[in-house]
Amino acid sequence: MALPRRIVGALMGLILLSMCTLFLCLNLDTAEGLTSSHPSAISTALTVIASAKGSLSAGGVGSGTPVNAEDDANATASTASSTVGNYFASTTNSTVGSDSSPPGSTSSNETTVEPVAQKLAYMLYATNAITACNALIMAKNIRRLGTPASIDIVVLVGASLPEHKRAALVAGGLIVVVPWLQRNAPHDTWIESLTKLRIFEERGYERVIYLDSDAWLHRNLDHLFHLGEAVFWAPRAYYQDQPFIGSTLLVLAPSNRLFRQLEQAVLDHPREEWYDMDVLNVVWRDMYGMLPNHYVFLNSEINSDRTFGFETPEERINHTYVHHFSMMDNGKYGKPWRMNRFNVERKPEWHPLFYKLFDLYWASQDEFCGGIM
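Residue numbers (mature numbering (1 follows the signal peptide of the UniProt record, and there is no 0)): -33 to -1, 1 to 340.
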């Protein structure tokens, strides 16, 4: 005697769930980026199976509730697939702190990782016309590289930034926030630096990727939203004595408690020349996660023979995510907004990308910053 379709469909869904769980249990220790320290994957899958069993007894088989068995089975299978997929999406990047296995080469339009039931945002910072223009250019590049509209781009602006410049940022697709400015810092140089650290304050986002705007973004960074737990993640500042991280790129889960720690550290510290990068390295020296060196590289060192585990400097260049505009030792050719674009001495021994970054910036400045400059 043939079983009713809804019973067959429900049983098929349960079998699929069991197979997914078995696969996860057998492969947990070998799955990319996972170790035995992640037993929650098994618990998650078992919870889904228990839920499915409950639905079979409560609302499916044996109940008077009308159920389309085929649709119900498809929905159950979809839940199992989504649960297993979401677990891997949220953990496979938690081992980014090593240079031993650099990511493969990807195009500038690499596929973004969709947010997994989280409110996510990129955050930028602007205090004047130049940094506002840079923030707008960065935001345009973030979208160009595939970040979906479901991920906000927020810019923290200084209170002195005129209203019409803020309006230009809003028109460019950014969410403008004017944070409370720290006025009682012991030294004037700390005021804006501490204000920048307000990216750690809670604003309704579960994960934030912060970027300094005086940089050029080459590759999509959305995968960093799914890094493992750490107070924050940042790339190694390879140009400093180690261990030391830079603050050009930060990945964090905003927390008012953590921000209060930063605020107190700044107010208590006796040194005048102490900026946001110094604060982060001192306060949380043993608590941050470190990204590989090639995530952020100084544009002034493009010709460097550093390889960071790649075969050649050229391969390192092709895998760099962000080039940070920085001054050379002689004070020249650092930040394009401080240069005369019509009087640039182009030396043939320099890598073509060195000058191309300037050209890209100037073209974007002309295209996007008319309402700001």
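Every residue, glycine too, gets a C-beta built ideally from N, C-alpha and C.
These numbers were taken from a predicted model, which means no experiment stands behind them.
Spatially closest choice to residue i from the options, by CA coordinates
| i | options | result |
| --- | --- | --- |
| M244 | A201, D235 and H190 | A201 |
| residue 364 | F167, G276, D181 and I212 | Past the edges of the chain, shown from -33 to 340, lies residue 364, and the structure says nothing about it. |
| G301 | S267, V175 and A106 | S267 |
| L178 | A106, A220 and I118 | A106 |
| D235 | S222, E282 and V249 | V249 |
| R170 | M90, E281 and Y328 | M90 |
| L194 | Q207, Y205, L184 and I176 | I176 |
| S271 | Y205, E196 and Q85 | Y205 |
| M306 | M294, G140 and Q209 | M294 |
| E182 | E130, T279, H131 and N101 | Note that residue 182 is Ala in the sequence shown, not Glu. Answer by Cα proximity: N101. |
| P146 | N310, T114, G125 and F277 | G125 |
| Q209 | R110, L141, E278 and R252 | R252 |
| N108 | G140, E316 and R224 | G140 |
| M332 | E316, R308 and P315 | According to the sequence provided, residue 332 is Gln. The question's Met does not apply to it. Cα-wise, what sits closest to Q332 is R308. |
For residue i, the three-state DSSP class (helix, strand or coil)
| i | result |
| --- | --- |
| T59 | Note that T59 scores 27 on pLDDT, short of 50, meaning its location in the model is unreliable and no value can be drawn from it. |
| P69 | Model confidence at P69 stands at a pLDDT of 31, short of 50, so the residue's coordinates are unreliable; what they give is reported in the following sentence. DSSP places P69 in coil when its eight states are reduced to three. |
| Y177 | strand |
| D272 | coil |
| G31 | For G31, the pLDDT reaches just 31, beneath the cut-off of 50, and the residue's location in the model is therefore unreliable, leaving the point undetermined. |
| F292 | coil |
| W251 | coil |
| I97 | helix |
| I212 | strand |
| L(-10) | The predicted model places L(-10) with a pLDDT of 41, which falls under 50 and marks its position as unreliable, so this point remains unresolved. |
| F277 | coil |
| Y328 | helix |
| P202 | strand |
| Y322 | helix |
| Y54 | Low confidence applies to Y54: its pLDDT is 23, below 50, so where it sits in the model is not reliable, and the reading given next is rough at best. Helix, per DSSP. |
| F335 | helix |
| W304 | helix |
| A182 | strand |
| I142 | strand |
| I166 | helix |
| V121 | strand |
| A220 | coil |
| A88 | strand |
C-beta atoms of residue i and residue j nearer than 8 Å
| i | j | result |
| --- | --- | --- |
| N260 | R203 | yes |
| M257 | V198 | no |
| Y172 | L87 | yes |
| L128 | T94 | yes |
| L191 | V233 | no |
| Y262 | S180 | no |
| F292 | L103 | no |
| A99 | I269 | no |
| L164 | F226 | yes |
| V137 | V143 | yes |
| A116 | R174 | no |
| H185 | H318 | no |
| I97 | W329 | no |
| S214 | L188 | no |
| P280 | T274 | yes |
Inter-stretch contact (C-beta, 8 Å, three-pair minimum) for the stretch 114 to 122 and the stretch 319 to 334: no
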